[in-house]
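S.K.: First residue of the sequence shown? That's 517 in our numbering, and the numbers climb one at a time after it.
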Amino acid sequence: MPSTAIRMQVVSAIADVRAAVAAAREANARIGFVPTMGALHDGHLSLVERSRRESDVTVMSIFVNPLQFGPKEDLARYPRPVEADEKLASEAGVDILFRPDVEDMYASDRSVTVVAGELGSQWEGTSRPGHFDGVLTVVAKLFNIVTPDIAVFGRKDLQQAALVRAMVRDLDMPVSIVVAPIVREEDGLALSSRNRYLTDEERARARVLSAALASIVEKFRDGERSVAALEETGRSKIASEPLVTIDYLAVVDDATFLRPKQAVEGNAAIVAARVGKTRLIDNMILGRDKD
Ligand code: AMP
517 MPSTAIRMQV VSAIADVRAA VAAAREANAR IGFVPTMGAL HDGHLSLVER SRRESDVTVM
577 SIFVNPLQFG PKEDLARYPR PVEADEKLAS EAGVDILFRP DVEDMYASDR SVTVVAGELG
637 SQWEGTSRPG HFDGVLTVVA KLFNIVTPDI AVFGRKDLQQ AALVRAMVRD LDMPVSIVVA
697 PIVREEDGLA LSSRNRYLTD EERARARVLS AALASIVEKF RDGERSVAAL EETGRSKIAS
757 EPLVTIDYLA VVDDATFLRP KQAVEGNAAI VAARVGKTRL IDNMILGRDK D
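#1: With a cut-off of 8 Å on the beta carbons, I'd call residue 750 and residue 785 a contact; round off their distance for me.
#2: Any chance you could list the alpha helix (DSSP H) runs of at least 4 consecutive residues sitting entirely within the stretch 678–764, in chain order?
#3: Inspect the beta-carbon positions of residue 706 and residue 672 and report whether they are closer than 7 Å.
#4: Between residue 689 and residue 659, which are expected to be in contact by the criterion C-beta below 8 Å, what is the C-beta distance as a whole number of angstroms?
#5: Quick one: which unbroken beta strand (DSSP E) runs of 3-plus residues sit fully inside the stretch 527–593? Chain order, please.
#6: At the level of alpha carbons, what is the spacing between residue 649 and residue 721?
#7: Report the rounded CA-to-CA distance for residue 591 versus residue 789, giving the unit in angstroms.
#8: With a threshold of 7 Å between beta-carbons, can residue 527 be considered close to chain B, or not?
#9: Distance, Cα to Cα, residue 698 vs residue 543?
#10: Can the beta-carbon of residue 524 be found closer than 7 Å to that of residue 610?
#11: Any contact of the stretch 675–682 with the stretch 632–649, i.e. 3+ C-beta pairs under 8 Å?
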C-alpha cells in the first residue's frame with residue numbers, strides 16, 4: 517500500500533456511504549465514482565486511476581446486480597472474491613468502497629425501474645433482454661446514493677457507456693460521464709471478470725475475438741468502407757476457431773448503435789461470442805490505432 521494512502525473506508529449501508537461522501541464534500545472534494553461488480557482486474561483499476569486523476573475522492577461500488585442478469589445467466593456463480601477485491605481497491609487508491617447488500621438496494625415491493633428504450637434493445641439488448649434496464653436502474657440508484665461529480669466507465673462495455681450517457685442526458689442527471697480505454701492482455705484479449713471461467717484451451721482460442729476486430733480495423737485503414745465487407749472479414753476470421761460461436765459481430769455508430777452502409781472513422785466494430793460456455797464481448801474503434 518502506498519505510504520501516503522489513508523485507509524480506505526469500507527461501507528455497506530446506504531446511509532454510511534452518504535455520510536462518507538457528505539464528509540468529503542464538506543472539505544470541498546470533487547467526487548469520482550467507479551461502479552463495478554467486483555472480481556477486480558487491471559481494467560477496473562485503470563478506471564480508478566482515471567477517477568483519481570480527475571477527482572479528489574474516489575468511491576468504488578462492488579455490487580453484483582441481480583436485475584441485470586437473465587434467468588439462465590451466471591448470477592449465482594459470478595465470482596465474488598471479497599477479500600482480494602478489498603485489497604486491490606485499497607492498493608489502487610480507492611477512498612470509499614461501497615458494497616451494498618441486495619436487500620438494501622431492492623425492496624421486495626419495489627416498483628419503479630429505468631427503461632433503456634430503443635438503444636438498449638439492440639445487440640447486447642437483443643441477446644440479453646432486460647439487461648440494460650437492470651444496468652440503468654442500478655446505475656441511477658448508485659448515482660442518487662453516491663452523488664458523484666464524475667463517473668468512470670470502461671469502453672469495454674461500449675453500448676452500456678452509450679446508454680449511461682443517454683440516461684444522464686435524457687433524465688438530466690448532474691454527473692459527467694468519462695469513458696476510459698479497454699485494458700487488454702498481451703495477446704489482445706480484453707480483460708474481463710468472466711475470463712476466469714475459461715479453460716486453458718478456451719483462453720487460447722479467445723484471442724480470435726480481438727484479432728477479428730483488429731482485422732476489421734486494419735481493413736478499414738487499408739481503405740475498405742463497406743460495412744458488409746468489413747463485417748465479413750471479422751466473421752471469417754472467427755469461423756476458423758471451432759470453439760468460438762458468434763452471437764453478433766457488426767460495425768456500428770458508437771453512439772446510436774445503428775449500422776451504417778459505409779463505415780466512417782469513429783465507428784465501432786463490436787463482437788459478442790461464446791467461447792465454450794463463456795460469453796465474451798469486445799470492441800474496437802475504426803480509424804484509431806490505439807484503444
Ligand atoms: P463490471 O465489473 O464488469 O460491471 O465492470 C465495471 C466497469 O469496468 C465497467 O465500466 C466496465 O466497462 C469496466 N471494464 C471492464 N473490463 C474492462 C477492461 N478490460 N478495460 C477497461 N474497463 C473495463
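For every residue, glycine included, the Cβ atom is placed at its ideal position computed from N, Cα and C.
M.R.: Based on what the coordinates show:
#1: Here residue 750 is taken as the residue at index 234 of the sequence shown, counted from 1. Here residue 785 is taken as the residue at index 269 of the sequence shown, counted from 1. Confirmed, Cβ separation roughly 6 Å.
#2: 716–721, 723–737, 743–755
#3: Along the sequence shown, one-based indexing puts residue 706 at 190. Along the sequence shown, one-based indexing puts residue 672 at 156. Contact: yes.
#4: Locating residue 689 in the sequence shown gives position 173, where the first residue counts as 1. Locating residue 659 in the sequence shown gives position 143, where the first residue counts as 1. Yes, residue 689 and residue 659 are in contact; Cβ-Cβ is about 6 Å, under 8 Å.
#5: 547–552, 573–578
#6: As a working note, residue 649 is residue 133 in the sequence shown. As a working note, residue 721 is residue 205 in the sequence shown. Spanning the two alpha carbons is a distance of roughly 32 Å.
#7: Reading the sequence shown from its first residue, position 75 is the one you call residue 591. Reading the sequence shown from its first residue, position 273 is the one you call residue 789. Going from the Cα of residue 591 to the Cα of residue 789 covers about 19 Å.
#8: Looking at the structure shown, chain B is missing, and only one protein chain is on hand.
#9: In the sequence shown, counting from the first residue as 1, residue 698 sits at position 182. In the sequence shown, counting from the first residue as 1, residue 543 sits at position 27. Those two C-alpha atoms are separated by around 33 Å.
#10: Against the sequence shown, residue 524 aligns to sequence position 8. Against the sequence shown, residue 610 aligns to sequence position 94. Closer than 7 Å, so yes.
#11: yes
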